[in-house]
Every structure is written in C-alpha cells, then in structure tokens.
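Notes follow once the structure below has been shown.
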Amino acid sequence: MDELHQLKIGFIGAGNMAFGIAQGILKSDEVVPSNVIVSAPSKNNFPRFQVMGVAVTHSNEEVVQRSRLVFLAVKPHFVSTVLNSVSKHVTPQHILVSMAAGITLETLEQLLPGGLCVMRMMPNLPCMLQEGAMLLACGAGASQETGALLKNLLSPCGLVEVGPEAWIDAHTGLSGSGVAFVYVFAEALADGAVKMGMPCALAQRIAAQTILGAGLLLRDAGKHPAQLRAEVCTPGGTTAYGLHALEKGGLRAATVDAVEAATERARELGRK
Ligand SMILES: NC(=O)C1=CN([C@@H]2O[C@H](COP(=O)(O)OP(=O)(O)OC[C@H]3O[C@@H](n4cnc5c(N)ncnc54)[C@H](O)[C@@H]3O)[C@@H](O)[C@H]2O)C=CC1
Ligand SMILES: O=C(O)[C@@H]1CCC=N1
Numbered sequence: 064m065d066e067l068h069q070l071k072i073g074f075i076g077a078g079n080m081a082f083g084i085a086q087g088i089l090k091s092d093e094v095v096p097s098n099v100i101v102s103a104p105s106k107n108n109f110p111r112f113q114v115m116g117v118a119v120t121h122s123n124e125e126v127v128q129r130s131r132l133v134f135l136a137v138k139p140h141f142v143s144t145v146l147n148s149v150s151k152h153v154t155p156q157h158i159l160v161s162m163a164a165g166i167t168l169e170t171l172e173q174l175l176p177g178g179l180c181v182m183r184m185m186p187n188l189p190c191m192l193q194e195g196a197m198l199l200a201c202g203a204g205a206s207q208e209t210g211a212l213l214k215n216l217l218s219p220c221g222l223v224e225v226g227p228e229a230w231i232d233a234h235t236g237l238s239g240s241g242v243a244f245v246y247v248f249a250e251a252l253a254d255g256a257v258k259m260g261m262p263c264a265l266a267q268r269i270a271a272q273t274i275l276g277a278g279l280l281l282r283d284a285g286k287h288p289a290q291l292r293a294e295v296c297t298p299g300g301t302t303a304y305g306l307h308a309l310e311k312g313g314l315r316a317a318t319v320d321a322v323e324a325a326t327e328r329a330r331e332l333g334r335k
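Just remember that the working numbering sits 63 ahead of the position in the sequence shown, which is counted from 1.
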C-alpha cells in the first residue's frame, strides 16, 4: 500500500467525474490529498477539491509535471487539444488514464509519444459515494502490474472490473449513462405516487430508498433479477398488475434501446 501513499495523482479537468473519483479514492486513507492535483481553465469547481486538501491549478502542464498517474477528465471533444498541449511533458514513467466517453486507445496513443502507458476507464457518478461501477481497459504499453495498481487505487470507488476495450462503450451505455436512466425511473416512480395523492417530497424519498434497497438486494443476494421479481409478485396481487402495465408500456424494450443508443453514441464520439 506504500505505493499508493507515495503516488502522485493528477486530474486534467475538474468536473463531476474528476470530483467523484477524487472523493472516492481519498475516502480510503491510502491516498494522501497533498499528492493530488487538479486543473481546469476556470476556478469555479476548485473549492470542492480544495476542501479535500487537493492542489488546484489552471495549468494542465503542471498536472503532468507533478503527477505520475494522470486522469484525463475533460469532455471527449477537448481530449485532442489537451493532449496536444501536454504531450511533450509526458514521459515513459507516466500512466495516462482517459475517462472520456468513446475516445479510443488508438486515438489516445496517436496523440502521445510512442510506447507510453495509456489506459481507458469508464466510471459512473456513484464513485463519489464509493458505490461506482467501473471498467478498465489497458493499452499495449500498460503492464498487468499497472492495471493491478489502478484497480487497487480505484477499488474504494466501488466495483472495478478489467476487460477488453471492446466492452468499454457498452459499459458506458449500461453504467456510465445507466445511472441517468435509473434517475428517470426514480422520477417516474415518485410521479406515480404523487398522481395517487402522496406528497411529492415523501414520494421522492421513498422512491430513492426503494431503488437503493432493490439494488443492494440484487447485488448481494446472489439471485437473478427475475427470481427476486417473482418473490415480490403475489399471484393475482398488486405487483402482477403493475408489471403488466410496465410491459404494455414497453419498459424493457425502451431500456434495451437506451443502452444501445448510448453505446452507439460512444462509438460515434470515438470516430470523430
Ligand atoms: N459525468 C458522468 O457521469 C460521467 C462522465 N464520464 C466522462 O468523464 C469526462 C468528464 O465528464 P464530466 O466530469 O461529467 O464533465 P464536466 O463538464 O463536469 O467536467 C469537465 C471539466 O473539464 C474542464 N475543462 C474543460 N476544458 C479543459 C481544458 N482545456 N483543460 C483542462 N480542463 C478543462 C472543465 O472546466 C470541467 O472542470 C467526460 O469525458 C465524460 O465522457 C464518464 C463516465 C460518467
Ligand atoms: O453522457 C456522457 O457522455 C457521459 C458518459 C457517460 C455518462 N456521462
């Protein structure tokens, strides 16, 4: 664990995802806040990093020069500009990890000097609560040890899986974007109860707890979702009637379509 204590970590981009990952990794005591630095053109997002003891700068070059592990946490359309401006400071000692949706390892490697250690990761917002779901993919220059180091570093942020790059875009649809799909379902659940006369704030609290409880049970009970659904469903009871309405509304097909559309959009972003 000494390796993590000493690791100098930088984030280029100070937005929601950089904050989520920084917050997650700092919740374990293995990373030292003063070893972490974050950059962005505007200082608007700096206070929430400064509160954690993380250094802030407007200079992406400074992040690269002061870090061994650099997370690229800007929107996909800024990736090439950012890498063009910092590439001369990137050395074989660096590990560069992009979380930009769609941007391929091939593109990243083309934008950097040859033979460097480049990786992709696709996180999701609950990383900030240590309940994220991440998939990592290693570029040709990334060793198994580096993959293991990153997995170890990120494990306080939640589930960390390693897989081929070909799965990253599907993971973006399933989980990176999937979080937002769940929020739409949460809103709709609460809207239903409000329609039936429940106060809005109470309906939202109960919807959130319902999704949390269902998720924990699904993750920890070791049962297929269809089995858990059957356990809720009394023959001739309320759930069977509600599920029929969901099926008539096309929830299942719409959800498959949503994951597919987000995956295809990630692929499209990668082609630009
Ligand atoms: N928000 C999410 O739930 C997820 C986001 N991602 C990916 O994470 C990346 C970041 O997304 P968010 O944090 O949501 O975006 P964001 O808009 O919240 O943050 C982007 C940050 O980059 C900074 N920035 C813009 N131009 C820059 C430049 N030239 N140099 C340095 N910093 C610059 C912005 O000031 C901002 O702080 C994206 O590539 C996105 O695809 C991946 C998974 C989930
Ligand atoms: O919407 C997006 O493009 C990013 C990637 C996954 C979640 N947010």
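A virtual CB, placed ideally from N, CA and C, is assigned to each residue, including glycine. Here the structure is a predicted model, which is why all the values come from computation and not from measurement.
Query: First and last residue of the uninterrupted beta strand (DSSP E) at glutamate 224; Result: 221-225
Query: Counted within 10 angstroms of its Cβ, other Cβ atoms place leucine 187 as buried (16 or more) or exposed; Result: Looking at the sequence itself, residue 187 is asparagine, so the reference to leucine does not match. So asparagine 187 ends up on the buried side.
Query: Cβ-Cβ distance between cysteine 220 and methionine 184 below 8 Å; Result: no
Query: Own chain partners of alanine 200 with C-beta closer than 8 Å, once the 5 adjacent residues on each side are dropped; Result: Leu168, Met182, Arg183, Met184, Val225, Gly226, Pro227, Glu228, Trp230, Ile231
Query: Threonine 273 beta carbon near ligand 2 (any heavy atom closer than 7 Å); Result: no
Query: Lining residues of ligand 2 - beta-carbon closer than 6 Å to any non-hydrogen atom, in sequence order; Result: Ala164, Thr235, Gly239, Ser240
Query: Coarse secondary structure for serine 105, derived from DSSP in three states; Result: coil
Query: From Asn107, Leu212, Ser105, residue whose alpha carbon lies closest to that of isoleucine 158; Result: Leu212
Query: Bridge partner(s) assigned by DSSP for cysteine 201; Result: Met182
Query: Near ligand 1: proline 139 beta-carbon under 7 Å from a heavy atom; Result: yes
Query: Where leucine 265 falls: helix, strand or coil (DSSP); Result: helix
Query: Paired residues, beta bridge with threonine 120 - DSSP; Result: Ser102
Query: For alanine 136, the three-state DSSP class (helix, strand or coil); Result: coil
Query: Inter-stretch contact at 8 Å, needing at least 3 Cβ pairs: the stretch 137-147 / the stretch 168-179; Result: yes
Query: At least 3 beta-carbon pairs within less than 8 Å: the stretch 234-241 vs the stretch 258-269; Result: no
Query: Range of the contiguous beta strand (DSSP E) that encloses phenylalanine 74; Result: 72-75
Query: Secondary structure of serine 218, DSSP reduced to three states; Result: helix
Query: Spatial distance of glycine 241 from arginine 129 (CA atoms); Result: 34 Å
Query: 8 Å CB neighbourhood of serine 150 in its chain, flanking five on each side removed; Result: Leu174, Leu175, Pro176
Query: CB contact flag (serine 97, glycine 116, <8 Å); Result: yes
Query: CA-to-CA distance, glycine 260 to arginine 334, given in whole angstroms; Result: 48 Å
Query: N-terminal and C-terminal residue of the beta strand (DSSP E) that serine 161 is part of; Result: 158-161
Query: Cβ-heavy atom distance, asparagine 79 to ligand 1, below 7 Å; Result: yes
Query: Contacting residues, own chain, Cβ-Cβ under 7 Å from methionine 191 (five flanking each side not counted); Result: Phe82, Gly83, Gln86, Gly87
Query: Serine 263 burial status per 10 Å Cβ neighbour count (16 or more: buried); Result: In the sequence under discussion, the amino acid at residue 263 is cysteine, which differs from the serine named in the question. Cysteine 263 comes out exposed.
Query: Whole-angstrom distance between leucine 309 and alanine 164, CA atom to CA atom; Result: 31 Å
Query: Distance, alanine 325 Cα to valine 319 Cα; Result: 10 Å
Query: Supposed close pair isoleucine 100, alanine 77 - CB separation, criterion 8 Å; Result: With a Cβ gap of about 10 Å, isoleucine 100 and alanine 77 do not count as contacting.
Query: Residue of Leu89, Val223, Glu331 minimising C-alpha distance to valine 114; Result: Leu89
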